[in-house]
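Single-structure report; data block below.
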Amino acid sequence: MNNARKEQLLYQKAHGQGMDASPAEKMELRKYKVDAGDGNLATRANIRAYIKAVDSGYRLSFYDYCCNNRKGDRRRKGHSEKEMASSNLEHTIGVMLMGWLIWGVALYWAFGQRQSVGSCAVMGAIISAVLQRVNRRWAGFTCFILPCIIAAAAAKLQL
């Protein structure tokens, strides 16, 4: 299948339209992680760039690709490169502040209280920022629920 056909099918998928693809084409499109809810970011140029990135070894979803590379539909409010950079910075700072506390506590208890509180807090902020950048849609789970589970398990093991 050529890139124009891939672009057309992925564009349809991102906008929630039906795809008129054969089973072989659907199998080939599996490696491209485009969801039906990605229509706000889906322009033909963004999908073309994502296809090229995935073919070069990129593994994250289309949504993460667009957010990380500040590629949006400039016709929509909040999707210019400058606005997306500002939004990315705000989200990263928020996630790091939350991770500083929650991941910091989880790491402190996981290390059996042998690591300093400050170093656990710094590691927690870094871990949460990295996890948020890798999968933005799961940020609530990776930045709040997962460290709470780890902290509870570590506390239970220490009793």
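Position 159 of the sequence shown, counted from 1, bears residue number 158 in numbering that gives the first Met the number 0, the numbering being contiguous throughout. Ideal Cβ positions, reconstructed from N, Cα and C, are used throughout, including at glycine. What you are looking at is a predicted structure, and each value in this text was computed from that prediction instead of being measured.
Nonlocal neighbours in the same chain, by C-beta distance under 6 Å from Y62, ignoring five residues either side:
D37
Of the residues V116, L145, A120, the one placed nearest Q131, counting alpha carbons only
L145
Quick one, are the C-beta atoms of L94 and A128 less than 8 Å apart?
The question names Leu, but residue 94 is Val in the sequence shown. The answer is yes: Cβ separation under 8 Å.
Near M18, what residues of its chain come up, given a Cβ to Cβ distance below 6 Å and the 5 sequence neighbours on each side ignored?
Cβ within range, chain order: L8, Q11, K12.
Under the assumption that W108 contacts G123 (Cβ atoms under 8 Å), give the Cβ distance between them as a whole number of angstroms.
Their Cβ separation, rounded to whole angstroms, is 11 Å, which puts W108 and G123 out of contact at 8 Å.
Within 8 Å, do at least three Cβ pairs link the region 73-83 to the region 46-61?
No: the two stretches stay apart, fewer than three of their Cβ pairs being nearer than 8 Å.
Inter-residue Cα distance where the pair is R135 and T141:
9 Å
At the level of alpha carbons, what is the spacing between V133 and L59?
7 Å
Which of helix, strand or coil DSSP assigns to S55
coil
8 Å Cβ cutoff met for Q112 and L106
no
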